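Everything on this sheet refers to the single structure shown next.
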Amino acid sequence: MPQLISSAPADEFAHVHEWVFDLDNTLYPHHVNLFAQIDKNMTAFVADLLQMEPDEARALQKRYYHEHGTTLRGLMVHNGVDPNAFLEKAHAIDYAALLPHPELGDAIKALPGRKFILTNGTVAHAEKAARALGILDHFEDIFDIVAADYLPKPAGETYDKFVSLKGINTAHAAMFEDLPRNLVAPKALGMKTVLIVPRNLGDVVIERWEKATDEDAHIDYITDDLTAFLQPLKG
Ligand SMILES: [Mg+2]
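Shown next as structure tokens:
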């Protein structure tokens with residue numbers, strides 16, 4: 001597994017002119033924990049839908065997440081849930097914890113070429129989060145779970161769809177993600193892959209299957225500071 005590095009080796013990204021970013025826990029740090037709010041909303045949705053106690057609803061939510069990649073996918077497959085109703089409820093959160101990050105904005109703006117957000121959330125959620133960070137204007141487009149026909153990353157079909165829809169030249173692309181499994185398909189497509197990990201990783205509770213392991217040959221670089229990593233890559 002690659003070592004944690006704080007700034008990118010510019011030479012190794014000289015060929016890159018397509019920049020693809022995950023949103024949650026990638027463009028804003030893990031400790032902001034916006035996901036805790038989404039997580040709670042999802043539990044409430046499942047409890048309400050299936051008339052379950054919160055504990056039971058939460059167990060089912062997590063089982064669907066593990067078995068289908070997202071809770072939504074499980075709810076669609078097993079319970080015939082309307083994805084729009086779920087997504088709206090899940091993302092009804094407070095974005096106040098996200099503060100403008102001008103250094104990150106400058107670093108993204110300075111990257112040569114096109115920039116995209118590729119998220120298992122919705123366009124509305126990505127826009128609100130990116131706007132709160134003050135970085136939304138730097139992205140050409142957002143490819144979300146609706147555009148992916150509700151098939152979440154890490155499914156290869158979803159990356160294929162994104163790549164063909166946006167005309168991405170994957171040999172000249174890089175992908176930034178906080179979940180190791182979501183970098184497998186980009187690496188296979190020839191993209192440079194960068195894993196974003198939380199600061200002070202030891203203090204953070206992360207599900208085991210979300211962590212990088214020694215078998216993660218598909219990860220080119222690991223960093224805990226996206227802004228500092230991007231700064232040497234300006235065009
Ligand atoms: Mg993420």
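Position one of the sequence shown corresponds to residue 1 (our numbering), numbered consecutively onward.
C-beta atoms are modelled at their ideal positions from N, C-alpha and C, and glycine is treated no differently.
What you are looking at is a predicted structure, and each value in this text was computed from that prediction instead of being measured.
Helix, strand or coil at residue i [DSSP, three-state]
i	result
P150	The sequence given here has Tyr at residue 150, not Pro. Here Y150 sits in coil by DSSP.
D220	coil
I5	coil
I142	strand
A155	coil
A14	coil
V197	coil
K166	helix
K234	coil
Nonlocal neighbours in the same chain, by C-beta distance under 8 Å from residue i, ignoring five residues either side
i	result
Y65	T71 and G74
E127	L136 and I142
T170	E18, V163, P186, L189, G190 and M191
L98	Y28, V32, L34, A129, A132 and L133
A174	F13, V16, E18, W19, V20, M191, K192, T193 and V194
Close-in-space but distant-in-sequence residues of the same chain around residue i (CB under 6 Å, 5 per side omitted)
i	result
V81	L75
A228	S6 and S7
A57	T43, V46 and A47
E103	T227
L87	T122
Residues near residue i in its chain [Cβ-Cβ closer than 7 Å; skip 5 each side]
i	result
G121	L23, D24, H91, D144 and I145
H218	L183, V184, K187 and T193
E157	L151
A110	K234 and G235
K161	A148
My parser needs the alpha helix (DSSP H) runs of 4 or more residues fully inside the segment 25 to 99; what are they? 34 to 50, 54 to 68, 71 to 79 and 83 to 90
Pull every residue with its beta-carbon under 7 Å away from any heavy atom of ligand 1, and keep them in chain order. D22, L23, D24, N25, T26, E177, D178 and L179
At 3 residues or longer, what runs of the beta strand (DSSP E) sit wholly inside the segment 108 to 137? 114 to 118
contact_flag[the segment 219 to 228, the segment 39 to 58] where n(CB pairs < 8 Å) is 3 or more: The segment 219 to 228 and the segment 39 to 58 do not touch, with fewer than 3 CB-CB distances between them shorter than 8 Å.
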